[in-house]
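The working numbering numbers the first residue of the sequence shown as 150 and each following residue consecutively.
The block underneath contains the structure these notes are about, expressed in structure tokens.
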Amino acid sequence: MVVSAEEHARLDPYSHIAASKDIALLRKIEDLKTVVKAAKTGMLVTRDSNGNLHARAMSPANVVGDPQLNVVFLANNVSCNFEEIENDSHVNISFFDHDSTNWASFSGRARVTQEKDLIHKHWSNFISGYIGNLGDGVHKGDEGDPRLAVIEVIPDEIKYWISKQSAISRTVQVAVSAALGKATAPGELRTICKEEIQSIEIT
């Protein structure tokens, strides 16, 4: 259903109230980093050759916005997500922090590489526990393991929600609004658009 902006605001008052305006880009980035750091683990969604969407939990190897907004994962290149990225590089990463209800959604494209400098930059011994040492002298589960590869997600758009109130305050605000029959939004819904992302890459 296609509706005008005015009608959309009337029919979806929650999103209209939550949509933040005139927030400086640097502020949006700092708050986004806060959301992602608190969530810690993201759900990387890829699409297979039959069009099926698959999500798996993965922890980023980098800090978002350091200095760009790309998200980097280290993973075993034999796993099915690499095959699915080869089939369709369009991906989504979502983060959710249960305590605050803050969330973030990255929509973009994934790039796969085995650049040694990039692997070295993001390497952590913790990753060895996921790929293992096969005992063949080659697949040793270390930084030089040929199975190790980088999935770098370059976002086209980022949307996120950040609460500015405590859990108790959010509950009270929603309860009062429900009693009054009015919509409310105990937080802000923000978008970092493609042009803003590109401006960061240029700088």
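By construction, the Cβ of each residue, glycine as well, lies at the ideal position given by its N, Cα and C atoms.
Inset, instruction - Report the three-state DSSP secondary structure of residue 278 (helix, strand or coil). - result: helix
Legend entry - For residue 245, the residue or residues it bridges with in DSSP: 252
Legend entry - Secondary structure of residue 289, DSSP reduced to three states: coil
Inset, instruction - Report back the beta-carbon spacing between residue 213 and residue 181 to the nearest angstrom; my notes put them in contact at under 8 Å. - result: 6 Å
Legend entry - Euclidean distance between Cα positions of residue 211 and residue 220: 7 Å
Inset, instruction - Quick one: using the 10 Å Cβ neighbour count with 16 as the cut-off for buried, is residue 170 buried or exposed? - result: exposed
Inset, instruction - Reducing DSSP to helix, strand and coil, say where residue 268 ends up. - result: helix
Inset, instruction - With a cut-off of 8 Å on the beta carbons, I'd call residue 195 and residue 240 a contact; round off their distance for me. - result: 5 Å
Legend entry - Given residue 278 as reference, the closest of 286, 202, 292 and 243 once Cα atoms are compared: 292
Inset, instruction - Would you decide whether residue 339 is buried or exposed? Buried here means 16 or more other CB atoms lie within 10 Å of its CB. - result: buried
Legend entry - Assigned secondary structure, residue 339 (DSSP; H/G/I helix, E/B strand, else coil): strand
Legend entry - Cβ neighbours of residue 282 in the same chain (closer than 6 Å, five flanking residues each side left out): 289 and 290
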